[in-house]
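S.K.: I have a structure here, written as structure tokens, and I will follow up with some questions on it.
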Amino acid sequence: MDLSTALSRARRNFLDDWTLHAVAIASLVVAFLCLGATLFAVANLNRIAEKWGNTQQLSLYLKDGTEKADVSQLQFVLESLPEVAAVEYLTPAAAQKKFLEQTDAESDLASLPTEVFPASLEIKLTQGVPEGRLQKIIDRLQQLAPVQEVESYRGWFEHLASLLQASRWSASVLAALVAICVIAVIENTVRMAIAHRSDEIEVLKLCGATDGFVRMPFVIEGAIQGSVAALFSILLLLVAYAIVSGQVGYTFATLTGVSLTFFSPQIGLAVVIGGGAAGALGSLLSLRRYLSV
Amino acid sequence: MDLSTALSRARRNFLDDWTLHAVAIASLVVAFLCLGATLFAVANLNRIAEKWGNTQQLSLYLKDGTEKADVSQLQFVLESLPEVAAVEYLTPAAAQKKFLEQTDAESDLASLPTEVFPASLEIKLTQGVPEGRLQKIIDRLQQLAPVQEVESYRGWFEHLASLLQASRWSASVLAALVAICVIAVIENTVRMAIAHRSDEIEVLKLCGATDGFVRMPFVIEGAIQGSVAALFSILLLLVAYAIVSGQVGYTFATLTGVSLTFFSPQIGLAVVIGGGAAGALGSLLSLRRYLSV
Amino acid sequence: MTLARESTTRSVGRGSTSFFRQRERPDSSKHAKPILVMEEVYKYFRRDVPTLKNVNLKINRGEFVFVTGPSGAGKSTLLQLIYRKHTVDSGRILFSGRDVARLTKSSIPFLRRNLGVIFQDFKIISHWSTFENVAVALEILSIPKRLIRSRVAEALDRVGLAGRGNEHAGDLSGGEQQRVAIARAIVTEPALLLADEPTGNLDPGLSIDILTLFEEIHEAGTTVIFATHDHSLLQAAPHRLVMIDDGHVIEASQGLRAWAARTQSMVAS
Amino acid sequence: MTLARESTTRSVGRGSTSFFRQRERPDSSKHAKPILVMEEVYKYFRRDVPTLKNVNLKINRGEFVFVTGPSGAGKSTLLQLIYRKHTVDSGRILFSGRDVARLTKSSIPFLRRNLGVIFQDFKIISHWSTFENVAVALEILSIPKRLIRSRVAEALDRVGLAGRGNEHAGDLSGGEQQRVAIARAIVTEPALLLADEPTGNLDPGLSIDILTLFEEIHEAGTTVIFATHDHSLLQAAPHRLVMIDDGHVIEASQGLRAWAARTQSMVAS
Ligand SMILES: Nc1ncnc2c1ncn2[C@@H]1O[C@H](COP(=O)(O)OP(=O)(O)OP(=O)(O)O)[C@@H](O)[C@H]1O
Ligand SMILES: Nc1ncnc2c1ncn2[C@@H]1O[C@H](COP(=O)(O)OP(=O)(O)OP(=O)(O)O)[C@@H](O)[C@H]1O
Ligand SMILES: [Mg+2]
Ligand SMILES: [Mg+2]
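Residue numbers (my numbering), protein chains in the order written: chain A, 11 to 303; chain B, 11 to 303; chain C, 48 to 316; chain D, 48 to 316.
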């Protein structure tokens with residue numbers, strides 16, 4: 011069974027009913043667009059999660075009149091804890107500035123006196139500190155002399171984390187669904203092609219063609235369809251991204267603090283290769299199920 | 011051409027190659043799932059937009075020591091403007107309370123003296139005030155004696171509005187895409203069915219069957235496939251909604267202030283009927299293109 | 048020829064059992080006229096060489112006509128022009144006085160409902176049962192299920208396949224499939240029966256049986272055009288004979304026996 | 048019978064031009080043995096009635112055997128058992144000494160490469176050209192394109208379709224399609240040629256030509272099994288005759304002429 015014969019037969023089959031293949035590729039492009047869009051969303055969600063996950067933090071509000079030496083000592087102790095990534099000392103003036111930045115309103119609050127903002131230690135935690143451990147640290151810190159209050163932002167982070175988790179979860183479900191869909195479409199297309207050329211297949215078999223000879227062109231067709239559709243849909247996504255990214259990307263960046271990015275070329279290549287593999291696989295499954303003479 | 015013959019022939023065709031129809035319905039279910047999810051997203055985005063659109067507002071910060079009578083008069087004048095939906099007077103105490111609620115942190119800011127919060131008039135605008143008109147109103151208000159400053163939150167609203175606009179825009183593009191996809195899938199399926207039973211069609215034609223006689227079963231099949239797929243995908247979405255809504259719905263509600271809702275039964279019915287119509291249409295298109303003896 | 052003439056006369060009294068025939072041809076005065084007229088018919092499949100040249104043929108209601116000629120002569124093409132699978136390139140074909148070539152696309156089905164065609168390649172649906180293959184011709188006419196059942200059973204009986212209605216048509220032998228095709232053509236009791244090589248897959252005994260069946264149907268008033276290579280059939284039944292040779296249609300009723308005998312002896316040599 | 052014996056002897060010197068035949072059967076001592084042996088073969092399509100009963104048949108390398116019998120007798124079934132479209136229900140079929148029924152699925156193709164089969168329903172791909180339909184048999188054997196072209200042209204020439212390779216097979220007449228099927232079967236120069244009603248759509252003159260072609264191929268050493276209804280062919284060529292009747296296979300070489308004459312006279316009456 012030589013490849014050149016198989017290729018030329020695949021080419022002939024393709025030309026014979028190119029509309030079938032065109033429609034199949036179109037369906038696959040839709041499926042891959044879903045997959046691509048999902049990957050895109052997941053990639054950006056991951057970036058958000060990473061960024062926001064990194065900024066998991068505690069604020070340690072200090073009692074008025076705490077001495078500079080006490081603060082330094084406290085900072086040193088905190089920095090030696092394994093869960094702590096960084097500690098920043100915020101003077102009342104700095105706190106006021108940051109507060110005004112965050113409220114983003116040029117309101118009368120600008121006239122608040124600096125003294126109403128307490129000095130604080132902003133503690134960035136390492137990623138993945140377990141809940142119980144965090145609570146313990148907070149309890150311990152609360153008992154320190156210069157500490158007036160510990161702010162852990164936990165309510166907010168729990169909300170955010172659950173939303174991200176749900177998004178990532180539904181994204182991977184969707185990705186799996188799309189993969190199944192691709193295999194199903196290819197399988198169906200090949201099934202159609204088999205039904206369409208059942209007379210040819212019968213003649214081939216009756217003339218002494220081996221199973222490999224009969225199957226090879228279908229597998230080649232499936233692989234080509236899968237990879238062409240994947241490639242095409244990535245290009246479409248890129249175009250759509252280029253068109254939309256300006257406006258949406260800005261809004262996205264200002265809302266999340268993370269700039270929108272397309273997934274990496276490696277992932278794109280993986281999608282194309284995966285598309286070809288899924289095509290060949292769908293083809294083989296279909297042949298196994300529907301091709302018997 | 012009587013319907014009962016057509017129905018029984020459609021039934022026979024369906025049983026003859028039910029796998030083809032099953033696969034077609036499966037593809038359609040995927041397509042309708044996309045459509046349903048999109049409708050779901052659009053419905054909820056609309057609710058957010060409505061709610062947030064309704065809360066488009068101005069804050070009129072008053073100079074310290076403005077008399078109660080001046081405030082009342084100002085409030086009366088403002089309420090008579092056609093662009094204004096409601097005006098609320100916020101005393102410094104109320105402003106402080108609201109501020110603390112919004113910052114959502116039990117921080118030291120609670121100890122801010124009430125005086126630092128200026129009294130204000132919170133103006134809710136009607137929906138759809140044009141940009142130019144809004145600017146004029148703001149300029150006019152700025153010149154009034156008791157007004158210290160006008161806060162229009164425009165930067166924030168522009169971001170939000172552009173995000174919503176982009177979402178709605180891409181959602182409707184997706185919906186159109188899905189509709190095309192449904193017609194394409196049905197068309198393709200019918201084309202396959204035609205190719206599959208081209209010998210039967212030839213015999214029918216040669217025995218004197220009218221076009222209607224030949225076509226009717228295909229149209230019925232297309233309509234049934236389309237509506238069954240639509241119905242099935244809505245049921246699937248409902249199940250998914252029931253499973254997910256608890257956790258995600260809570261996060262969504264806390265983030266947006268709008269509770270997650272499923273689209274209305276009317277829209278569901280419209281999708282099913284539309285699915286049937288798209289099926290019949292796809293079928294007819296396919297027949298017109300591929301059925302000729 | 049004498050036989051054929053006789054049956055033309057006899058055909059006056061036929062058709063009273065078939066509501067279809069009555070519905071389709073209520074005008075009883077028509078049967079005096081020829082059922083099929085071909086005037087200067089040309090058919091080109093290749094630009095320069097016509098497959099049929101200047102064919103003039105008149106077939107009367109109730110006639111039985113053999114069409115013969117070598118492979119590739121144009122016998123099937125002649126029949127295909129009548130049932131509008133192809134259209135003539137020039138000339139005209141009148142069926143019951145109407146020009147077949149000028150029928151609109153939507154009235155072709157009604158032409159075909161007056162014809163029973165046995166195709167050279169059978170055109171049997173192999174994944175249907177024998178019964179379904181025959182019944183389809185009646186379903187098209189919206190005949191009630193009950194009636195379909197009895198008429199299909201009768202037609203299968205006539206071609207020697209009684210009681211085999213439930214068999215998968217694809218599993219039948221070549222000759223059996225051919226007989227299913229015959230049953231489908233005769234079950235509607237058409238006005239004109241076009242048989243393209245209907246005995247090519249049948250043994251001599253069965254061929255004669257089928258020929259006899261066609262003669263019975265013909266006796267009942269149906270016009271039959273019978274394309275065949277089988278010279279023993281031509282010898283067995285003394286009907287009008289039309290030969291297609293090099294695109295020309297030649298009436299061969301006179302020299303029939305001599306010609307057939309010549310071919311026969313040639314074959315036996 | 049005498050003729051057949053002679054050609055068996057003559058077949059010693061054949062095959063030197065076909066690399067395929069050489070590759071597949073390098074053992075030259077084999078040709079002394081029978082090429083096909085059927086021993087107590089039964090085939091049931093329906094539970095109670097066997098289509099073939101206790102068939103015992105031995106065909107020597109280089110023989111020419113006619114198979115005949117009424118429609119539905121089991122002629123096609125007999126051939127189908129040989130090329131493993133069906134398997135026997137009991138008994139065994141030895142092709143070149145190997146049991147066909149016990150071939151694994153993956154070695155069936157190699158059995159079929161030694162056979163040339165002309166199917167009763169042609170099995171021509173109507174959307175391929177005539178050339179492609181014939182060439183496919185060689186493509187399967189991975190023969191170089193150049194060689195394919197010349198061998199297909201030669202085969203088409205032998206069946207009287209020279210220069211018509213580019214025509215759409217679906218547009219050919221019934222007889223022309225049948226000849227394409229014949230060309231496809233003979234183009235591989237198989238060891239055994241199974242012809243199922245290969246002249247059903249051909250006129251008497253062409254039938255004789257095709258029979259002559261088969262006899263030529265037979266002269267060159269190929270074993271031929273020729274199933275037919277056409278009694279004039281049986282008369283024209285005095286080969287071994289096997290009849291299938293009621294499932295039984297009967298050697299009819301002795302009474303052939305008498306029987307054929309009887310049928311002929313019956314048909315002519
Ligand atoms: N649709 C077509 N397109 C092109 N050529 C055609 C078409 N149909 C028939 N022909 C050619 O016209 C000629 C006559 O064909 P036709 O089928 O009428 O022959 P026939 O007399 O029925 O032969 P046979 O006895 O072999 O069936 C043949 O050479 C055939 O190739
Ligand atoms: N695959 C099958 N399934 C069931 N029955 C079959 C199958 N193939 C053949 N038969 C039956 O077996 C009998 C013999 O068929 P076969 O095709 O061998 O006949 P034949 O001698 O070739 O007849 P013909 O001359 O009509 O071609 C027939 O009655 C047929 O219906
Ligand atoms: Mg013909
Ligand atoms: Mg047979």
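By construction, the Cβ of each residue, glycine as well, lies at the ideal position given by its N, Cα and C atoms. Predicted model only: the values in this text are computed from it and were never measured.
Indicate whether ILE171(D) and GLN127(D) have their beta-carbon atoms separated by less than 7 Å.
M.R.: Within the fourth sequence, the letter at position 124 stands for residue 171(D). Within the fourth sequence, the letter at position 80 stands for residue 127(D). No; because the gap between Cβ atoms is not below 7 Å, this pair is not in contact.
S.K.: VAL213(A) versus chain D: which residues are under 7 Å apart at the beta carbon?
M.R.: Locating residue 213(A) in the first sequence gives position 203, counting from the first residue. By Cβ distance, chain D contributes LYS170, ILE172 and VAL183.
S.K.: Quick one: list the residues of chain B neighbouring VAL33(A), beta-carbon separation under 7 Å, in chain order.
M.R.: Indexing the first sequence from 1 puts residue 33(A) at position 23. Ordered by position in chain B, the residues that pass the 7 Å Cβ test against VAL33(A) are ALA194 and ASN198.
S.K.: Is GLU262(C) close to chain D, meaning its C-beta is less than 7 Å from at least one C-beta of that chain?
M.R.: In the third sequence, counting from the first residue as 1, residue 262(C) sits at position 215. Not one chain D Cβ lies under 7 Å of GLU262(C).
S.K.: By alpha-carbon positions, which one of GLN235(A), CYS44(A), VAL39(A) and GLY218(A) ends up nearest to GLY286(A)?
M.R.: Position 276 of the first sequence, counted from the start, is the residue given in the question as residue 286(A). If we check each option's Cα against that of GLY286(A), GLN235(A) comes out closest.
S.K.: Counting beta carbon pairs with one atom in the region 153–173 of chain C and one in the region 128–139 of chain C, are three or more of them shorter than 8 Å?
M.R.: Judged by Cβ distances under 8 Å, the region 128–139 of chain C makes contact with the region 153–173 of chain C, as three or more pairs qualify.
S.K.: Just tell me which of ILE190(B), LYS78(B), TYR71(B) and SER14(B) has its CA closest to the CA of ILE148(B).
M.R.: Numbered from its first residue, the second sequence carries residue 148(B) at position 138. Minimum Cα distance to ILE148(B) is reached at TYR71(B).
S.K.: Going by DSSP in three states, ASN23(B) sits in which element: helix, strand or coil?
M.R.: Taking the second sequence and counting its residues from 1, one reaches residue 23(B) at position 13. Of the three classes helix, strand and coil, the one that applies to ASN23(B) here is helix, per DSSP.
S.K.: Taking the beta strand (DSSP E) that HIS381(D) belongs to, which residues open and close that run?
M.R.: No statement about residue 381(D) is possible, as the shown extent of chain D runs from 48 to 316 and does not include it.
S.K.: Using a cut-off of 7 Å between C-beta atoms, extract the partners of GLY252(D) located in chain C.
M.R.: For the purposes of this step, residue 252(D) is taken as residue 205 along the fourth sequence, with counting starting at 1. What GLY252(D) touches in chain C: PRO117.
S.K.: Go through the region 94–181 of chain D residue by residue and report every complete run of the alpha helix (DSSP H) that reaches 4 residues or more, in order.
M.R.: Entirely contained in the region 94–181 of chain D, the alpha helix (DSSP H) runs reaching 4 residues are, in chain order, 122–129 and 155–159.
S.K.: Mind the definition here: the region 246–266 of chain C touches the region 134–150 of chain D only if three or more C-beta pairs lie below 8 Å; say whether that holds.
M.R.: The region 246–266 of chain C vs the region 134–150 of chain D: no contact.
S.K.: Can you list the residues of chain A that ALA205(B) reaches, using a CB-CB cut of under 9 Å?
M.R.: Residue numbering aside, residue 205(B) sits at position 195 when the second sequence is read from its first letter. Near ALA205(B) (Cβ distances below 9 Å), the residues of chain A are ASP27, LEU30, MET202, ALA205 and HIS206.
S.K.: Going by DSSP, what residue range makes up the beta strand (DSSP E) through LEU68(B)?
M.R.: For the purposes of this step, residue 68(B) is identified with residue 58 of the second sequence, where counting begins at 1. Residues 67–72.
S.K.: Would you mind reading off the limits of the beta strand (DSSP E) that contains GLN158(B)?
M.R.: Working through the second sequence from its first residue, we reach residue 158(B) at position 148. It spans 157–161 - the beta strand (DSSP E) in which GLN158(B) sits, taken as one unbroken run.
S.K.: Could you compute how far the alpha carbon of ALA41(B) sits from the alpha carbon of ALA186(B)?
M.R.: Working through the second sequence from its first residue, we reach residue 41(B) at position 31. Working through the second sequence from its first residue, we reach residue 186(B) at position 176. Cα to Cα, ALA41(B) sits roughly 11 Å from ALA186(B).
S.K.: Spell out whether any CB of chain D is found under 7 Å from the CB atom of GLU210(A).
M.R.: Taking the first residue of the first sequence as 1, we reach residue 210(A) at position 200. So, interface residue.
S.K.: So the beta strand (DSSP E) LYS134(B) belongs to, where does it begin and stop?
M.R.: As a working note, residue 134(B) is residue 124 in the second sequence. Looking at the DSSP string, the run of the beta strand (DSSP E) that includes LYS134(B) is 130–135.
S.K.: For a cutoff of 7 Å on Cβ pairs, would you count SER255(B) as touching chain A?
M.R.: Counted from its first residue, the second sequence places residue 255(B) at position 245. No, no contact with chain A.
S.K.: Would you say VAL40(B) lies against chain A (beta-carbon separation less than 7 Å)?
M.R.: As a working note, residue 40(B) is residue 30 in the second sequence. True, the Cβ-Cβ gap to chain A drops below 7 Å.
S.K.: THR249(C) touches chain D at which residues, Cβ-Cβ below 7 Å?
M.R.: Translated into positions along the third sequence, residue 249(C) becomes position 202. Rather than Thr, the amino acid found at residue 249(C) in this sequence is Leu. Residues of chain D passing the Cβ test: SER118 and HIS276.
S.K.: Look at TYR89(C) and PRO81(C) and say whether their C-beta atoms are less than 7 Å apart.
M.R.: Here residue 89(C) refers to the residue found at position 42 when the third sequence is read from its first residue. Here residue 81(C) refers to the residue found at position 34 when the third sequence is read from its first residue. It is not a contact, given that the beta carbons lie outside the stated cut-off.
S.K.: Just the Cα atoms here: how many angstroms apart are GLY217(D) and ASP168(C)?
M.R.: Walking along the fourth sequence from the start, residue 217(D) turns up at place 170. Walking along the third sequence from the start, residue 168(C) turns up at place 121. Straight-line Cα distance between these residues: approximately 11 Å.
S.K.: Evaluate PHE50(A) with the Cβ neighbour count: other Cβ atoms within 10 Å of its Cβ, from every protein chain shown; 16 or more gives buried, anything less gives exposed.
M.R.: The count along the first sequence starts at 1 and reaches residue 50(A) at position 40. Classification for PHE50(A): buried.
S.K.: Which residues share a DSSP beta bridge with ILE291(C)?
M.R.: Indexing the third sequence from 1 puts residue 291(C) at position 244. Answer is VAL296(C).
S.K.: Would VAL112(C) pass as a contact of VAL289(C) if the rule is Cβ separation under 7 Å?
M.R.: Start at 1 with the first residue of the third sequence, and residue 112(C) comes out as number 65. Start at 1 with the first residue of the third sequence, and residue 289(C) comes out as number 242. Result yes, Cβ atoms of VAL112(C) and VAL289(C) sit closer than 7 Å.
S.K.: Starting from ILE277(B), trace the alpha helix (DSSP H) both ways and give me its first and last residue.
M.R.: Working through the second sequence from its first residue, we reach residue 277(B) at position 267. Element bounds for ILE277(B): 275–300.
S.K.: At a Cβ threshold of 7 Å, is CYS44(B) touching chain C?
M.R.: Within the second sequence, the letter at position 34 stands for residue 44(B). Output row for CYS44(B): interface = no.
S.K.: In whole angstroms, what separates the C-alpha of ALA182(C) from that of ILE211(B)?
M.R.: Along the third sequence, one-based indexing puts residue 182(C) at 135. Along the second sequence, one-based indexing puts residue 211(B) at 201. Approximately 15 Å, taken between the alpha carbons.
S.K.: If you follow the alpha helix (DSSP H) that PHE261(D) is part of, which residue opens it and which one closes it?
M.R.: Taking the fourth sequence and counting its residues from 1, the one referred to as residue 261(D) is at position 214. That run of the alpha helix (DSSP H) goes 251–266.
S.K.: By how many angstroms is the C-alpha of ILE264(C) removed from the C-alpha of SER5(B)?
M.R.: Within the shown structure, residues of chain B are numbered from 11 to 303, placing residue 5(B) beyond reach of any answer.
S.K.: Which residues of chain D have a Cβ atom closer than 8 Å to the Cβ of ASP218(C), listed in chain order?
M.R.: Here residue 218(C) refers to the residue found at position 171 when the third sequence is read from its first residue. Within 8 Å Cβ-Cβ: PHE92.
S.K.: Are THR246(D) and ILE229(D) close, meaning C-beta to C-beta below 7 Å?
M.R.: Indexing the fourth sequence from 1 puts residue 246(D) at position 199. Indexing the fourth sequence from 1 puts residue 229(D) at position 182. No.
S.K.: Run through chain B and tell me which residues come within less than 7 Å of PRO156(C), C-beta to C-beta.
M.R.: Within the third sequence, residue 156(C) is the residue found at index 109, counting from 1. Under the 7 Å cutoff, chain B gives GLY218, ALA219 and THR220.
S.K.: Can the beta-carbon of VAL206(C) be found closer than 7 Å to that of ARG226(C)?
M.R.: In the third sequence, residue 206(C) corresponds to position 159, counting from 1. In the third sequence, residue 226(C) corresponds to position 179, counting from 1. For VAL206(C) and ARG226(C), yes; Cβs fall inside 7 Å.
S.K.: Which partner residues does PHE273(C) have in the DSSP bridge list?
M.R.: The residue you call residue 273(C) lines up with position 226 of the third sequence. According to DSSP, PHE273(C) bridges with PHE113(C) and ALA242(C).
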